[in-house]
Structure formats: structure tokens, C-alpha cells
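Reviewing the structure listed below.
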Amino acid sequence: MSRRFLIPLGLAAAVFAVSVQAQTPPEAASQPAGPTIASKIEEQGQMRYLRVTDLRAVKRDNLLRIQAEITNTSNGNQQLYYRFKWLDRDGFSVWDDEPWKPLLVYGAQKQFINVVAPTFKATDFRLVLQSPDNSGNN
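Below, the structure written as C-alpha cells:
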């Protein structure tokens, strides 16, 4: 190829690259990733055998609905106790503390926790977990 042809071709490629960048909205590039599972979980001690392996939240009929998947990594049955803290968008509690609820997770199995927020004011939550087989804060 001649040099005269390569220079306009290079300029055209540079203009195309700049126009593609300009079409990408800047807010899309700077969007933070969604909250992580860890940011929504409060463990009372360190869980040895139980893990939250999936956590989903959706708002339907103006109420927050949560589904948590709990996985037992051991071969034995594990007892879990859980409760939810319901928060507003500023992180303030909007509901009284719930009682602890028991959940038995069979060896090498998964269990789901499904719950609906008790008030329209709840826009955020924390899932609080404890298990008799927790290890201490070592």
C-alpha cells in the first residue's frame, strides 16, 4: 500500500474510535457494581459448614422480597438460626428485631430462605446468621 493511502486510513480509524467512545454514556462506565452477598450478611461468629451461595432481592407490589440459598458443605446435618434486619434507604431500622428462626440444612444439600419485608418502608436488609457449629472469632 502506498503511504498516501495509509495516512487517511489511520485518520479514519482514529475518528471511528473516538466516535464509539463518545457514544458510550459516561454514567454507564462509572456505574458501581451491585452490592455483594457479603455486604448483606452478618454472621454471628465464623460459619464453618454453611455458606450463603446465592442472594436475590426484588421489589414487587412495593414490598422487598428476598431469596437466600444456604449450602451445607459438610456431609452431616447443620442447624442454622437466622433473622432479618429491615432498613430504610439511609440504613436506619424500620422494624423491630425479629425472633431467630431455625433451619435444618441436610448434609451436602441446599436450602432456600424466602421472605417478604413486613413494611413498605424497608428498602434494604441484612440477613443475620448463627449456627451452633460456628467457630469463635479466632
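Quick note on numbering: the sequence shown equals residues -22 to -1, 1 to 116 in mature numbering (1 follows the signal peptide of the UniProt record, and there is no 0).
The beta carbon of each residue, even a glycine, is placed where N, CA and C say it ideally should be.
Residue i to residue j span [Cα, whole Å]
| i | j | result |
| --- | --- | --- |
| Q22 | I48 | 15 Å |
| D111 | L81 | 13 Å |
| G12 | G54 | 34 Å |
| P96 | F70 | 15 Å |
Cβ-Cβ distance between residue i and residue j below 8 Å
| i | j | result |
| --- | --- | --- |
| D102 | L65 | yes |
| E20 | V106 | yes |
| Q56 | V83 | yes |
Helix, strand or coil at residue i [DSSP, three-state]
| i | result |
| --- | --- |
| K99 | coil |
| E5 | Interpretation of E5 is limited by its pLDDT of 49, a score under 50 that renders its predicted location unreliable; no figure is taken from the coordinates. |
| A16 | helix |
| A86 | coil |
| V72 | coil |
| N92 | strand |
Buried or exposed (CB count within 10 angstroms, at least 16 for buried), residue i
| i | result |
| --- | --- |
| residue 118 | The first residue shown for the chain is -22 and the last is 116, placing residue 118 beyond what the model contains. |
| S109 | buried |
| Y60 | buried |
Segments of 3+ residues assigned as beta strand (DSSP E) that fall wholly inside the stretch 22 to 66: Secondary structure within the stretch 22 to 66: the beta strand (DSSP E) runs of 3 or more consecutive residues, fully enclosed, are 28 to 38, 41 to 50 and 56 to 65 (chain order).
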